[in-house]
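In our numbering, the protein residues as written are 75 to 429. All C-beta atoms in this analysis are idealised placements derived from N, C-alpha and C, irrespective of residue type, glycine included. Heads up, the thing below is written out as structure tokens.
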Ligand SMILES: [Zn+2]
Ligand SMILES: [Zn+2]
């Protein structure tokens, strides 16, 4: 038998077990990575609960990772043993209608590493060498494990295409905080954040990512508040980063005539939100969506982190050993003040990051 490793396996919905499993075997186009850090994401919660990609269980989840290259397939180029890498988790076929058009995120055979194939809540993970990006030493260990969520934010920012002096509303203050930071980087003004957690709004305020922070529980009409702050016309761009029908309905009303709503928050499949087509036709409003980061977004996020154009570190709470993953999943479900917990297979004791 080959070498074994520790891994957290989601065996069935709500059933996770720390097991000894074989270290992944790589082919000529893959690399083996020794996992250093892997962030826990909302998608991991959904996989654990059997609400997302349940057909792929049993599975080792974990897709927000970085590690050290341990073994390199024969065909790999520009990557060597000992490199510090993150990997684009998108696995596409390259031959379907959408891939041929270059719309890889729409691939008809789209899967993601750590969501549909075994991921990084384990000592080792494998990835295609073409998906790997070397991380410079200037990017700290926690931010390196945060590259994947930031690529999704970057893709959303490009889709939204706000520019100098655009007014932007960001609904939601999880990843929304970084959407606001990205809008600020692009010169947007004003930037308005709305949310229902005062602790998260206060954190966003401390980070200085926006100009106005509205707690939706403290105002009668959040749409009216946004209108007030945008000269009565509404915002040029409204980015939804919560994922509920109610917040989408707010977004459709907050956007000015000629403006655009950017759909980022994932509403469970089958749920619908209402909007008034008249408003969109006569008001020439637009609605766009973006679902994940892919390809060169990885290089761009690494670049932004290297040059400190964006600092996600205030969002980081704790780093935990692999053994505590299941309890951390429960914690994330109930404690809304925690934004990001990382798992490190190399540590034995939970540690606070921002202390
Ligand atoms: Zn994620
Ligand atoms: Zn394809």
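{"Query": "Proximity to residue 345 [Cα-Cα], best of 351, 322, 358", "Result": "322"}
{"Query": "Span separating the alpha-carbon of residue 118 from that of residue 83", "Result": "12 Å"}
{"Query": "beta-carbon residue 124 near ligand 1 non-hydrogen atom, thresh 8 Å", "Result": "no"}
{"Query": "Alpha-carbon to alpha-carbon, residue 228 and residue 351", "Result": "29 Å"}
{"Query": "Cβ neighbour criterion (16 or more within 10 Å) applied to residue 403", "Result": "buried"}
{"Query": "Length at least 3, wholly inside the stretch 303 to 362: the beta strand (DSSP E) runs in chain order", "Result": "309 to 314, 329 to 337"}
{"Query": "Runs of alpha helix (DSSP H) lying entirely within the stretch 115 to 158, each at least 4 residues, in chain order", "Result": "116 to 123"}
{"Query": "Length of the line joining the Cα atoms of residue 360 and residue 338", "Result": "14 Å"}
{"Query": "Check: residue 386 C-beta below 8 Å from any heavy atom of ligand 1", "Result": "no"}
{"Query": "Beta-carbon spacing of residue 79, residue 105 below 9 Å", "Result": "no"}
{"Query": "9 Å Cβ cutoff met for residue 156 and residue 111", "Result": "no"}
{"Query": "Cβ-Cβ separation, residue 137 to residue 186 (assumed contact under 8 Å), whole Å", "Result": "6 Å"}
{"Query": "Distance cut-off 8 Å: residue 117 Cβ against heavy atoms of ligand 1", "Result": "yes"}
{"Query": "Cβ contact check for the stretch 386 to 403 and the stretch 257 to 266: 3 or more pairs under 8 Å", "Result": "no"}
{"Query": "The stretch 247 to 260 contacting the stretch 190 to 203, beta-carbon criterion three pairs below 8 Å", "Result": "no"}
{"Query": "Cβ-Cβ distance between residue 249 and residue 334 below 9 Å", "Result": "no"}
{"Query": "Proximity test, residue 190 beta-carbon vs ligand 1 heavy atom, cut-off 8 Å", "Result": "no"}
{"Query": "Neighbourhood of residue 388 by C-beta distance below 8 Å, restricted to the same chain and skipping five residues each side", "Result": "277, 280, 281, 428"}
{"Query": "Residue 202 - partner residues in DSSP beta bridges", "Result": "104"}
{"Query": "Closest Cα partner of residue 332 within the set 309, 166, 245", "Result": "309"}
{"Query": "Reference residue 420; option with closest CA among 317, 215, 364", "Result": "215"}
{"Query": "Terminal residues of the beta strand (DSSP E) in which residue 92 lies", "Result": "89 to 96"}
{"Query": "Residue 223, buried or exposed, once every other Cβ within 10 Å from all chains shown has been counted against 16", "Result": "buried"}
{"Query": "Residue 185 beta carbon near ligand 2 (any heavy atom closer than 8 Å)", "Result": "no"}
{"Query": "Close-in-space but distant-in-sequence residues of the same chain around residue 258 (CB under 7 Å, 5 per side omitted)", "Result": "265, 283"}
{"Query": "Residue 220 CB to nearest heavy atom of ligand 2 below 8 Å", "Result": "no"}
{"Query": "Minimum C-alpha distance to residue 221 - residue among 270, 122, 206", "Result": "206"}
{"Query": "Distance CB(residue 363)-CB(residue 162) smaller than 9 Å", "Result": "no"}
{"Query": "Cross-strand partners of residue 287 (DSSP beta bridge)", "Result": "267"}
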